[in-house]
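Residue numbers (the working numbering): 243 to 415.
As structure tokens, this is what we get:
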């Protein structure tokens, strides 16, 4: 009979122990991977909404600052505009002297310019959307010469509320 002094290989207990450790590590790594995907999607959604908010503010700010007359409607007027800003005529193709902002049905935020149709005659143009997020509410108010714009946007069922304050350079006459 021969006695083995040098045993090579792994015992069944060692194999089961390694298999258990590998299973545990795989479960932990999988959980971290899934969680990081959820966090990434949430942050991407939040970034998209913030970009759309910034696009609205960037579109409105210069017109608010140069407005000679600001008209705010308590509810949307018959044309759907919530706020209209009028200012000195801007040379463009065609020239325009006003801009309106509002929400279309379905939550699409829009703007439209008051363009010159013939010399001295101006008409409100078509509504143009420029953001992807749904806008639930758009409110404009004035307080102590300051214009306060409140916008509630929605993305994947989550609501995000933003408020901006502007001081027009030319006060209402």
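The beta carbon of each residue, even a glycine, is placed where N, CA and C say it ideally should be.
Beta-carbon contacts of residue i that lie in its chain and below 7 Å, excluding the five residues immediately before and after
{"i": "residue 264", "result": "none"}
{"i": "residue 370", "result": "352, 353, 354"}
{"i": "residue 347", "result": "none"}
{"i": "residue 328", "result": "309, 310, 311, 339, 340"}
Best match in the options for proximity to residue i [C-alpha to C-alpha]
{"i": "residue 315", "options": "323, 308, 309", "result": "323"}
{"i": "residue 334", "options": "312, 351, 327, 357", "result": "357"}
{"i": "residue 296", "options": "403, 409, 411, 410", "result": "403"}
{"i": "residue 291", "options": "353, 377, 411", "result": "377"}
{"i": "residue 385", "options": "262, 408, 400, 368", "result": "408"}
{"i": "residue 343", "options": "368, 359, 251", "result": "368"}
{"i": "residue 307", "options": "405, 390, 401", "result": "390"}
{"i": "residue 399", "options": "363, 329, 293, 288", "result": "288"}
Residue i versus residue j: straight-line alpha-carbon distance, rounded
{"i": "residue 310", "j": "residue 275", "result": "55 Å"}
{"i": "residue 325", "j": "residue 349", "result": "16 Å"}
{"i": "residue 415", "j": "residue 313", "result": "Bear in mind that a pLDDT of 49 at residue 415, under 50, signals an unreliable position, so the number given afterwards is only what the model happens to contain. Whole-angstrom Cα-Cα distance: 11 Å."}
{"i": "residue 361", "j": "residue 336", "result": "10 Å"}
{"i": "residue 381", "j": "residue 305", "result": "17 Å"}
{"i": "residue 393", "j": "residue 331", "result": "28 Å"}
{"i": "residue 302", "j": "residue 284", "result": "27 Å"}
{"i": "residue 299", "j": "residue 272", "result": "41 Å"}
{"i": "residue 379", "j": "residue 266", "result": "48 Å"}
{"i": "residue 279", "j": "residue 250", "result": "44 Å"}
{"i": "residue 256", "j": "residue 262", "result": "10 Å"}
Beta-carbon separation (whole angstroms), residue i vs residue j, contact threshold 8 Å
{"i": "residue 397", "j": "residue 383", "result": "Contact doesn't hold; Cβ gap of about 25 Å is too wide."}
{"i": "residue 373", "j": "residue 294", "result": "4 Å"}
6 Å Cβ shell around residue i - same chain, five flanking residues per side excluded
{"i": "residue 395", "result": "291, 375, 377, 402"}
{"i": "residue 405", "result": "392"}
8 Å Cβ shell around residue i - same chain, five flanking residues per side excluded
{"i": "residue 365", "result": "356, 357, 359"}
I'd like the ranges of any beta strand (DSSP E) spanning at least 3 consecutive residues and lying wholly in the stretch 290-318.
You should have 311-314.
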